[in-house]
Structure formats: C-alpha cells, structure tokens
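Residue numbers (the numbering used here): 1 to 374. Below is one structure; the comments refer to it alone.
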Amino acid sequence: MEIKKDIGIHKPTTGKRQYRNFPMVPRVIFGRGSFDQLGDILMPKRRHSEAPFIFLVDDVFEGKALSTRIPIIFNDQVIFISADEEPKTAQVDALVHKIKSEFNELPSGIVGIGGGTLLDLAKAVAILLTNKGSSSDYQGWDLVDKPSVYHVGVPTISGTGAEVSRTTVLLGPEKKLGINSDHTTFDQVVLDPDLTKGVSKEQWFYTGMDCYIHCIESLNGTYLNAFSQSYGEKALELCKKVYLDELSPAESRDQLMMASWHGGMSIAYSQVGVAHAMSYGLSYLLGVKHGIGNCMVFQHLKEFYPEGVRLFNKMKQKHQVHLPSGICSGLTESDYESMIGISLGMVPLWENALGPDWRSIATPEKLRSIYGRI
Ligand code: NAD
Ligand code: ZN
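The following block contains the structure:
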C-alpha cells in the first residue's frame, strides 16, 4: 500500500522555485435554509430533460424531511449510500457503471449530499463519468486529463474540508490515496448549516476535531506559509469558539461550517502532520474512520503538539466524549510493523511535521510505543 499527499510547493528542479496553481471552488452559497435554493442553482446547468442530475445522498437521510426537499425533476435520480465505510474505488466504478447503463446521456451533473464520505464519492463519480477506466487508475497527482461533469457538494456535517479540497480520498486495491487534480474540486458548494442539525455529539466531535487537527498540524508544520497561516489561524479561532465557548446551537453550526472551509483551505498550501500519518495506519489495518482515528492518535501526541493536545483534552472533557481505548492491544508485532510501515511511508507529512531530519525523531520504536497506547 502506498499513501502520499500533495504539497503546495514543489522542490526546485531547475534552480527556480515552482509554485502550484490551485483551483478554488468558483461558487458558494452560504446561509441557514440555503439548501432550498438548490433547484434554482441547478436549473441553468441542466443541459436538457434527458440529461439528469444524479443526487448521491447519505442514507441517514432516507425517509427524512431532507430527502423530500431534494429538487428532483424530469428523470433525475436519487441514490442513497451508506457512509458506514469510507469510499472505495470499486464502489465508485460500480456507481459510474450504473449511471452509464441507465441513461443514454451523460448526466447534467452530480450532487453529493452528506459528510466527507459522500462528498468524496460525488467528486470521484463526476471525474469517472468523463474519464475512461477505473477510478484506481487516477489515484495520485494530476492523472485526470478530461474535465469532470459539473458537480456540487452539500456538506451535512462539518470538519473535513472535503468541500473545498482538490482531492477525493479512495481506498483502492493497492493503496489508500486521493485523486488529486484540478478537475476534482467542486463547481458549486451549498453551505447550509441547518443541514448539520441531526449529527450525534460524538460524530460532531470527531469530524470537528479533524478540522482542529488540520489547523494544529498546518500551523505547527515546517511547510507553513502566510497563505496557510491566514486560513489556519481563522479556522483554529472558530474551532475554539465552537468547542470551548458557550455559543447557541445555531451559531455553533454556522461557525463550525466556516471553520471546516478555512481548515481545508489551510492545508491546500501546506500539509497535515503526525496525527494524520499515524491515523492512516489505523485506518488501513483496522478500518478505523478518519475523524475518530485522528482523535485516537492525537491525544497521545503531547511531545509533538503540546499546546494542541492540552486544548484537545480540554474540549474532549467539556463535551464528555470518550474515545475507545485498547484497540491495538490484540495486535501482533507484524500488525504493528505494517501500521508503522504505512505511516512512515507518508514522507511529506513527517517532513512537514518534523523537518528534513524527521527520521531521527519518528523512529519505528517511537511509533510502536504510541500505537501501543491507543
Ligand atoms: P462521514 O461522511 O463518514 O459521516 C460520518 C457519520 O455521520 C455517518 O454515519 C453519516 O451518516 C453521519 N452523518 C452525516 N451527516 C449527518 C447529519 N446531518 N445527521 C446525522 N448524521 C449525519 O464523516 P466525515 O467525517 O465528514 O468524513 C470522513 C471521510 O472524509 C473519510 O472518508 C475521509 O477520508 C474523508 N476526508 C476527505 C478529505 C478531502 O479533502 N477530500 C479530507 C478529510 C477527510
Ligand atoms: Zn483530516
């Protein structure tokens, strides 16, 4: 398995610094109840009545009020999908096959409604509808050559930053790796904080902490620059408000949605760090999901992020969130070795976190001791 991440600044190859030229989401609507404008937003993007919109929706909304508000007309289709497992390349390929075999025409667009899982699925399906082969062929950097179909992201839980990022993280046959490309980024995002109302307290904490950890890892990284810092500081300030101050529930939903946006922007031009590198190991071996996995690792990273971990524990305590413990206790030494191998393979994350000499600090023994405590 191979895991890599994108870095904003490429190392000079010709003596001249090469900076990445990133796309951003070109259109965004923000506001409580803004979801009800989705029909109007999609209307001008409908090529004709034979070219449907396909709505990929978290199945937590099946039979719920939100599903009756999805603006379906003509032959549009709603596909409910479980977010119990993180997106897989085979799942993306199957969805693309289903859409292509049911319609004679390419859809007018794909709309993803849900958390990071559904947003990533929508991005990947939009790409694979216009690019041949399997989604696993495109895991990596800038391998997508044709523009995707129009795609819209509607987050219903805040924290991952998947709504702004130029990647879609997929578990493939050989690797867990994103499709990082200019065609991945959404064409439109609908930020309606009211959609996050039904999220459980635990999930709200885990996914929100993904944003908090993005900020800590970006702001304390060696790749930090003014671009990332400006977004990271804002996101961190908003996370602190949400998790430590006394906001009304509505204010809290507004602020966390914007924290996620800024947190995602912050890592575009920098990189995540130790918690993400180690949580990928847990995810690969044990199927631990991104948000909770980051939390399970981060609580043990005091030596790398002392202030960040102190505040994390304060937030965890305030909201009475209990993380599972002892999940690595039954593992064999060869399990540990494979987690450590996966984690240490994420070179840019370690380099961002600890600098060019990271290997002397992040030794296999050090990782073994941290994993052993999880
Ligand atoms: P998720 O999409 O996996 O959802 C978590 C849980 O919350 C699910 O059970 C889901 O059904 C539920 N849920 C979502 N909205 C809800 C609502 N309004 N009410 C009730 N329940 C609701 O969670 P996530 O943490 O947002 O996403 C994790 C995924 O995001 C991972 O697959 C990870 O790889 C990916 N990710 C992607 C990026 C990126 O830049 N593309 C960045 C970080 C993480
Ligand atoms: Zn993350």
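Virtual Cβ for every residue (Gly too), placed ideally from N, Cα, C.
Check your understanding: Does the beta-carbon of Asn-412 have 16 or more other beta-carbons within 10 angstroms, so that it is buried, or is it exposed?
Key -> This structure cannot speak to residue 412, because the chain is shown only from 1 to 374.
Check your understanding: Leaving out the 5 sequence neighbours to the left and right, which residues in its chain are closer than 6 Å to Glu-365 when beta-carbon positions are compared?
Key -> What you label residue 365 is simply residue 365 of the sequence shown in a count that begins at 1. Counting only Cβ-Cβ distances below 6 Å, and skipping sequence neighbours, we find nothing.
Practice item. Could you tell me the boundaries of the beta strand (DSSP E) in which Gly-109 lies? Key: The residue given as residue 109 occupies position 109 in the sequence shown. Unbroken beta strand (DSSP E) run through Gly-109: 109-114.
**Study point:** Cβ pair Leu-349, Gly-273 closer than 8 Å
**Key:** Numbered from its first residue, the sequence shown carries residue 349 at position 349. Numbered from its first residue, the sequence shown carries residue 273 at position 273. Less than 8 Å divides the Cβ of Leu-349 from the Cβ of Gly-273.
Practice item. Could you tell me whether the stretch 121-128 touches the stretch 136-155, using the rule of 3 or more Cβ pairs below 8 Å? Key: With the rule of 3 Cβ pairs closer than 8 Å, the stretch 121-128 counts as touching the stretch 136-155.
**Study point:** Beta carbon of Phe-53 nearer than 8 Å to that of Ile-113
**Key:** Taking the sequence shown and counting its residues from 1, one reaches residue 53 at position 53. Taking the sequence shown and counting its residues from 1, one reaches residue 113 at position 113. Not in contact: Phe-53 and Ile-113 (Cβ atoms no closer than 8 Å).
Check your understanding: Any heavy atom of the ligand NAD closer than 7 Å to the Cβ of Ser-134?
Key -> Looking up residue 134 in the sequence shown gives position 134. Flag unset: Cβ of Ser-134 not near the ligand NAD.
Exercise for review: Taking 8 Å as the cut-off, decide whether the C-beta atoms of Val-78 and Val-164 are in contact.
Suggested key: Start at 1 with the first residue of the sequence shown, and residue 78 comes out as number 78. Start at 1 with the first residue of the sequence shown, and residue 164 comes out as number 164. For Val-78 and Val-164, no; Cβs fall outside 8 Å.
Exercise for review: Select from Pro-193, Leu-236 and Leu-247 the residue whose C-alpha is nearest the C-alpha of Asp-36.
Suggested key: Along the sequence shown, one-based indexing puts residue 36 at 36. If we check each option's Cα against that of Asp-36, Pro-193 comes out closest.
Practice item. Please report how far the alpha carbon of Val-321 lies from the alpha carbon of Lys-201, in whole angstroms. Key: Reading the sequence shown from its first residue, position 321 is the one you call residue 321. Reading the sequence shown from its first residue, position 201 is the one you call residue 201. Whole-angstrom Cα-Cα distance: 8 Å.
Review point. Can you list, in chain order, the residues of its chain whose CB lies under 8 Å from that of Ser-343, leaving out five sequence neighbours each side?
Key: The count along the sequence shown starts at 1 and reaches residue 343 at position 343. Counting only Cβ-Cβ distances below 8 Å, and skipping sequence neighbours, we find Ala-277, Met-278, Tyr-280, Gly-281 and Leu-367.
Check your understanding: Can you find a heavy atom of the ligand NAD that lies under 7 Å from the Cβ of Glu-62?
Key -> Locating residue 62 in the sequence shown gives position 62, where the first residue counts as 1. No.
Practice item. Measure from the alpha carbon of Gln-203 to the alpha carbon of each residue in Asp-335, Leu-236, Glu-246 and Gly-115, then state which is nearest. Key: Within the sequence shown, residue 203 is the residue found at index 203, counting from 1. Of Asp-335, Leu-236, Glu-246 and Gly-115, the residue nearest in Cα terms is Gly-115.
Practice item. Please list, in chain order, all residues of the same chain as Lys-234 whose beta carbon is under 6 Å from its beta carbon, the five residues on each side excluded. Key: Numbered from 1 along the sequence shown, position 234 holds the residue referred to as residue 234. For Lys-234, the CB contacts under 6 Å within the same chain, skipping 5 residues up- and downstream, are His-262 in chain order.
Review point. Is DSSP giving Ile-41 helix, strand or coil here?
Key: Counting from one through the sequence shown, the residue named residue 41 turns up at place 41. In the three-state scheme derived from DSSP, where H, G and I count as helix and E and B as strand, Ile-41 is classed as helix.
Review point. Helix, strand or coil: how does DSSP classify Asp-36 here?
Key: Here residue 36 refers to the residue found at position 36 when the sequence shown is read from its first residue. Helix, per DSSP.
**Study point:** Length at least 3, wholly inside the stretch 186-232: the beta strand (DSSP E) runs in chain order
**Key:** 188-191
Review point. How far does the beta strand (DSSP E) with Leu-177 in it reach, from first residue to last?
Key: In the sequence shown, counting from the first residue as 1, residue 177 sits at position 177. Unbroken beta strand (DSSP E) run through Leu-177: 176-180.
Check your understanding: Cα-Cα, which of Gly-345, Glu-105, Phe-22 and Gly-372 is closest to Arg-359?
Key -> The residue labelled residue 359 in the question sits at position 359 within the sequence shown. Of Gly-345, Glu-105, Phe-22 and Gly-372, the residue nearest in Cα terms is Gly-345.
Check your understanding: Just curious, the beta strand (DSSP E) that Leu-171 is in, first and last residue?
Key -> Position 171 of the sequence shown holds residue 171. It spans 169-171 - the beta strand (DSSP E) in which Leu-171 sits, taken as one unbroken run.
Point to revise | Residues near Met-1 by beta carbon distance below 7 Å, same chain, minus five either side | key: As a position in the sequence shown, residue 1 is number 1, starting the count at 1. Its pLDDT being 40, under 50, Met-1 is placed unreliably in this model, and the value from its coordinates should be taken loosely. These residues qualify, in order along the chain: Glu-174, Lys-175, Lys-176, Tyr-284 and Ile-342.
**Study point:** Pair within 8 Å by beta-carbon distance, Leu-95 and Thr-156
**Key:** Stepping through the sequence shown from its first residue, residue 95 is reached at position 95. Stepping through the sequence shown from its first residue, residue 156 is reached at position 156. Going by C-beta atoms, Leu-95 is not nearer than 8 Å to Thr-156.
Exercise for review: Pull up the distance between the alpha-carbon of Asp-137 and that of Glu-237, whole angstroms please.
Suggested key: Start at 1 with the first residue of the sequence shown, and residue 137 comes out as number 137. Start at 1 with the first residue of the sequence shown, and residue 237 comes out as number 237. Approximately 39 Å between the Cα atoms of the pair.
Review point. Would DSSP call Ile-340 helix, strand or coil?
Key: Here residue 340 refers to the residue found at position 340 of the sequence shown. Here Ile-340 sits in helix by DSSP.
Point to revise | Between the CA atoms of Tyr-269 and Leu-129 - distance to the nearest angstrom | key: For this step, residue 129 is matched to residue 129 along the sequence shown. For this step, residue 269 is matched to residue 269 along the sequence shown. If you take the alpha carbons of Leu-129 and Tyr-269, they lie about 28 Å apart.
Practice item. Could you check what DSSP says for Ile-72 in three-state terms: helix, strand or coil? Key: Taking the sequence shown and counting its residues from 1, the one referred to as residue 72 is at position 72. Coil, per DSSP.
Exercise for review: Please confirm whether Asn-352 and Gln-271 have their CB atoms less than 8 Å apart.
Suggested key: Taking the first residue of the sequence shown as 1, we reach residue 352 at position 352. Taking the first residue of the sequence shown as 1, we reach residue 271 at position 271. Contact flag set, yes.
Exercise for review: Find out if the Cβ-Cβ distance for the pair Lys-289, Glu-86 is shorter than 8 Å.
Suggested key: Taking the first residue of the sequence shown as 1, we reach residue 289 at position 289. Taking the first residue of the sequence shown as 1, we reach residue 86 at position 86. Against a cut-off of 8 Å, the Cβ pair of Glu-86 and Lys-289 comes out as a contact.
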